[in-house]
Structures are given as structure tokens and as C-alpha cells.
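S.K.:
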Amino acid sequence: MGRERNLFPELSERKGGTMSTIAAFYSGKSILITGATGFMGKVLMEKLFRTSPDLKVIYILMRPKAGQTLQQRVFQILNSKLFEKVKEVCPTVHDKIRAIYADLNQNDFAISREDMQELLSCTNIIFHCAATVRFDDPLRHAVQLNVTATQQLLLMASQMPKLEAFIHISTAFSNCNLTHIDEVVYPCPVEPKKIIDSMEWLDDSIIDEITPKLIGDQPNTYTYTKALGEMVVQQESGNLNIAIVRPSIVGATWQEPFPGWVDNLNGPSGLIIAAGKGFLRAIKATPMAVADLIPVDTVVNLTLAVGWYTAVHRPKSTLVYHCTSGNLNPCNWGKMGFQVLATFEKIPFERAFRRPNADFTSNNFMNQYWNAVSHRAPAIIYDFYLRLTGRKPRMTKLMNRLLRTTSMLEYFINRSWEWSTYNTEMLMSELSPEDQRVFNFDVRQLNWLEYIENYVLGIKKYLLKEDMAGIPEAKQHLKRF
Ligand SMILES: CCCCCCCCCCCCCCCCCCCCCCCC(=O)SCCNC(=O)CCNC(=O)[C@H](O)C(C)(C)COP(=O)(O)OP(=O)(O)OC[C@H]1O[C@@H](n2cnc3c(N)ncnc32)[C@H](O)[C@@H]1OP(=O)(O)O
Ligand SMILES: NC(=O)C1=CN([C@@H]2O[C@H](COP(=O)(O)OP(=O)(O)OC[C@H]3O[C@@H](n4cnc5c(N)ncnc54)[C@H](OP(=O)(O)O)[C@@H]3O)[C@@H](O)[C@H]2O)C=CC1
């Protein structure tokens, strides 16, 4: 008989009687997650169910979206490839998710009285992942979601008698106006309470006018409001056991539940598609700048370890944990870009507009030049051809959007930051050997070339939904250029 494949090392460990302490901690717990339908939230739920199938319930605060009811959204998530292993380990997973109608933009999140009662009396752990991650959100909306909603959730948390820990997900870029960032909450020039209050009575046009002044040397409303959100957490923590996790640029899964899983265009994913499809030919980036990417499963492992540590060890102050790769296992944008292009050779995307041949430009003048020559001009020509052949022109619009996106991301790919990771390293040393394995967040073990190849492959499979069988045809298509 062949060797059995060990699909669930976490579980076989339980059989052997050496169950991970962290997994055991979450058993029997009632866990509340905001942002569970997002990129990170889904991976967090998956890992919780897979490693602690005996947990009591996961409450997810969610809203209907795109014509789907809450139940339909949950059904879709549980029936996705991401949850295939979970359904084997935890067949009752459907019964253990309680979708609670909530809109974080509204007072009391528009949660019904009965639901609120249940949440207040039963919740043991909160993971607050929900946020708007758009860089161009109007300040009012970004404040509502990233600051006011955090404040409201803290108020709810303070009324939960069984609450053991509140874990707030922030971003390593919440202080990106600094170059060296410690694991502390930095004060913001204007108190969050004042910002929240002013959003109540200022009208939109005035808010738009004062936004640049308020955000100061922050690049956008996202990083600015995430910094305010952290301050709210620190100021209003009261007697709660609170911790803040700050991931850098979150990318596809590294290992779990399988490599390369990704389901949105944020961070590098959208640009990798644009480059692979031949739209993106040049981008202003500094090849030697550190590409501080962090796999989403690493973030989730650290977050779960932080949840356990915060509840069990109850640190006296709010600890901040950096979930970054740069100081332990640095990779730069040059190496990353090179590996992305090398992967396109082996596994090209289908129906590319041109051969993938992107390059980094170093200064504004060259960037403008390549934007005109490699992006705008071909788009105009192609649209002319579409018009001639009786079709609707679309390339100029697409290119303009792409250039807007690259201009928004440029800030992050032309600078390097240094994040200290004392708390994260301290936590690693507090973990038992099996917890270090089951909840691995040691990025020193990450092989970047392998990770990036799996990332590109994951984009092809899970985002573009392209079939591997189409690779020969895709290669043939590229040969024609
Ligand atoms: C040796 C040389 C080799 C060179 C090789 C080059 C190869 C390429 C490799 C690329 C590597 C470089 C990647 C660098 C990436 C750096 C990312 C840095 C991010 C810092 C993160 C800070 C950490 C965080 O905490 S934030 C969380 C991350 N948040 C985001 O990423 C949000 C960013 N997105 C936005 O803010 C908006 O979407 C915006 C402003 C970019 C666009 O808004 P707009 O209203 O114009 O469009 P949308 O309605 O949102 O979408 C329209 C359209 O565009 C698609 N799209 C959305 N986002 C992206 C994207 N990031 N990239 C590409 N396309 C995107 C979207 O799906 C829509 O498509 P439709 O078809 O119209 O539906
Ligand atoms: N992705 C990244 O690169 C990084 C992310 N982070 C942080 O990680 C956390 C998770 O990010 P990520 O998963 O990538 O983000 P996503 O954009 O994928 O998910 C955002 C989540 O917030 C929910 N949400 C937004 N608005 C509301 C609302 N009004 N009511 C209820 N729910 C709402 C979304 O629900 P719905 O599905 O209904 O829209 C979704 O579940 C965020 O706090 C972010 O700041 C930090 C560093 C990097």
C-alpha cells in the first residue's frame, strides 16, 4: 500500500495527543469577525475551522452585496476551493457560522436587538478586519469605516462580559510618513475624536478641500484613517485586552491551505495581471527598494497567535505586532519583477494584448515618456482599429484607469521602510514547537522565487480562472507578436 498523504498535519497531531496550544485555545470559543468576506477574513475563518473544528461559533458581521443575501454569500464562500479541506475536517461548518446582518457604516451597525444581545453575551474573541482599503476613498467614508466603526466596535466590546481579547487589524503603512517604525501607536496631529466630530457637520465640499491639509504627509486617506483607527484603539481600550496587528503588503497564500490563493486585485495582484496581459509596459519603481510583501496565511497565523497570547497572558498595555518581511527576509522590487516576468515565460496568461515585457523606470521624465509611447499611443491606435472594424473602443479608458492605479501605488514602490519586530519575535519565542509549526509566521523560511511563481500561478487559476490546459495555446498566441 502507498504512503497515506497527510492532508491535515494539525489533526494527526491531535490524535497523537500533542494538540497545538493555540488550536486548543480556540476550541469551544465564540468568535466575532468583521470583514470575514474580505481577502484576509476568509483565510482567517478557514484556518480557524481547520485547526479548531471544535470552536463553538463564528459570528460574522456582514451585509448583503451584489444582489446576494447573507446566506448566499456564506454559501459561496464555503463552497469555494479555499474551504475544501475545512469541509472534510469540520463537516458542521455551515452550522458554526452565524451570519449577522450588519452595516459598519450605520449607527450600532444596524444590528437587530436580538442579534446584539447574543453578540454581547456570548462573544469570547473579536478579530476586527473590516476596513475600506481604497486609497482614493473620500475622507468621510474612510473615517466612518476605519475610525468610527472601530470606536463603535470597542464600545460593543466593553459590554461583553465574556470577552477575552480584541484583535485589531491595522497596516504597517499607518505611519508610512516615517522611515523607521516601531511597534508603538504614534500620535496623530489632530485627535481622532475631533475628526469624527467634524465629519458630522462639515459638508462634502469642505471636507474635500481640507483633506490634503489633514492627511499632511500621509499619501492617502487610507493610511491616514488607519493611523487614526489605531489611536482610537489605544485611547478607548479601557479594561479590554487589546492588540494591534500591522501587516505590510498582503499577498497570496504561501502554504495554507494551498499555495497561491488570492481573490482580489489589491496590492501587487492587479499590476501582475496588467503586466501579464501585456497592458503594463513600464512603471515608476525603485528596483532596490524593499518589496515588503507578506503572505496572507502568515498574517493569519500571527493574528491567531496574537489572539491566544493576548487572552491568556493579558499584557498590561496594548501591544502592536508588525507582520512584515523586510527586516527578516528582504526581497526587492527588482528581484520580484524579474521573477514575475520569468514566470510569465513558463505560464503565460491567455489572450494577452502584447507580449509581457514590463520594465521599471527610474525618473518622472522617463515615466512620462514610456506612458506616452508604451501605454497611451498603442491604446489610441488600437481604439482606432476597433472603431474601423465597427467595435466599441475601450483600450484608452482601460489604460487611463491602469495609469491612475499605478500612480496611486507608486508611493509604495519607490521607498523602503524599516519596521522593528520585537513583539512579533517575542511572540514566536513564546510558542511551543508545534504551535510554531501549525501557526507558522516565521518569514525567514520563505523562498521568494518559489513564492512569487506560485503567486503568479494562483492569479492565473483563482483570479483569472484560466485553465492550465490552455498554456500551449497562450504560448502560441504570444509567439504571434
Ligand atoms: C525587472 C523589471 C521587471 C518589471 C516587471 C513588472 C511586473 C509587474 C510586477 C508588479 C510588481 C509591483 C507591484 C507593486 C504593488 C505595490 C502595492 C503597494 C500597496 C501598498 C499597500 C499598503 C498596504 C495596505 O494596507 S492597503 C491594502 C491594499 N489596498 C489596495 O491595494 C487598494 C488599491 N486600490 C485602490 O485604491 C483603487 O482600486 C484604485 C484607486 C487603485 C483604483 O480605483 P478606480 O475607482 O479607478 O477603480 P476601481 O473601481 O477600484 O477598479 C476599476 C478597475 O480596475 C481594477 N483594479 C482595481 N484595483 C486594481 C489594482 N490594484 N491593479 C489593477 N487593477 C485594479 C478593478 O478590478 C476594476 O476593473 P473592472 O474591469 O472595471 O471591474
Ligand atoms: N490587503 C492588504 O494588502 C492589507 C490589508 N490590511 C488590513 O487588513 C484588513 C483586511 O483587509 P482585506 O481583507 O485585504 O480587505 P478587503 O477589502 O478584502 O475586505 C474588507 C472587508 O471589510 C468589509 N466591509 C467593508 N465595508 C463594510 C461595511 N460597511 N459593513 C460591513 N462590512 C464592511 C468587507 O465586506 P464586503 O465583502 O461586504 O465588502 C470585507 O469583508 C483591513 O483592516 C486592512 O486595512 C493591512 C495591510 C495590507
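The sequence shown finishes on residue 481 if you use the UniProt record's numbering, and the numbering steps up by one all the way, no holes.
Glycine is no exception: its CB is placed at the ideal position from the N, C-alpha and C atoms.
(1) When we look at the beta-carbon of residue 388 and count the other beta-carbons within 10 Å, is it buried (16 or more) or exposed?
(2) Should residue 426 go down as buried or exposed, given a rule of 16 or more other Cβ atoms within 10 Å for buried?
(3) Rounded to the nearest angstrom, how far is the Cβ of residue 32 from that of residue 126, given a contact under 8 Å?
(4) Return yes when the C-beta of residue 145 is under 8 Å from any heavy atom of ligand 2, and no when it is not.
(5) Can you list, in chain order, the residues of its chain with a C-beta nearer than 7 Å to that of residue 255? Leave out the 5 residues immediately preceding and following it.
(6) Please tell me whether, using a cut-off of 8 Å, the distance from the CB of residue 162 to the nearest non-hydrogen atom of ligand 1 is below it.
(7) Quick check on residue 323: does DSSP put it in helix, strand or coil?
(8) Taking the alpha carbon of residue 306 as the point to measure from, which residue in 168, 79, 437, 259 has its own alpha carbon closest?
(9) Residues in the same chain with beta-carbon distance under 6 Å from residue 522, minus the five sequence neighbours each way, listed in chain order, please.
(10) Return helix, strand or coil for residue 261, following the three-state DSSP convention.
(11) What span of residues does the alpha helix (DSSP H) with residue 377 cover, start to end?
(12) For residue 32, report the span of its beta strand (DSSP E) as first-last.
(13) Hey, how far is the Cα of residue 393 from the Cα of residue 364?
(14) Can you tell me whether residue 247 is helix, strand or coil according to DSSP?
(15) Can you list the alpha helix (DSSP H) stretches of 4 or more residues lying completely in the segment 24-82, in chain order?
(16) Write down the C-beta distance between residue 55 and residue 29 rounded to the nearest angstrom, noting that I regard them as a contact closer than 8 Å.
(17) Suppose you measure from the CA of residue 471 to the CA of residue 345; what does that come to, to the nearest Å?
(18) Rounded C-beta distance between residue 337 and residue 353? I'm assuming under 8 Å.
(19) Buried or exposed, going by whether 16 or more other CB atoms sit within 10 Å of the CB of residue 210?
(20) Using CA atoms only, rank isn't needed, just tell me which of 413, 355, 58 is closest to residue 267.
(21) Does the distance between the C-beta of residue 38 and the nearest non-hydrogen atom of ligand 2 fall short of 8 Å?
M.R.: Let me spell this out:
(1) exposed
(2) exposed
(3) 5 Å
(4) yes
(5) Cβ within range, chain order: 297.
(6) no
(7) strand
(8) 168
(9) Residue 522 is absent from the model: the chain starts at 1 and stops at 481.
(10) coil
(11) 377-388
(12) Element bounds for residue 32: 30-34.
(13) 29 Å
(14) strand
(15) 39-51, 70-78
(16) 5 Å
(17) About 10 Å.
(18) In fact, because the Cβ distance is near 19 Å, the residues do not count as touching under 8 Å.
(19) exposed
(20) 413
(21) yes
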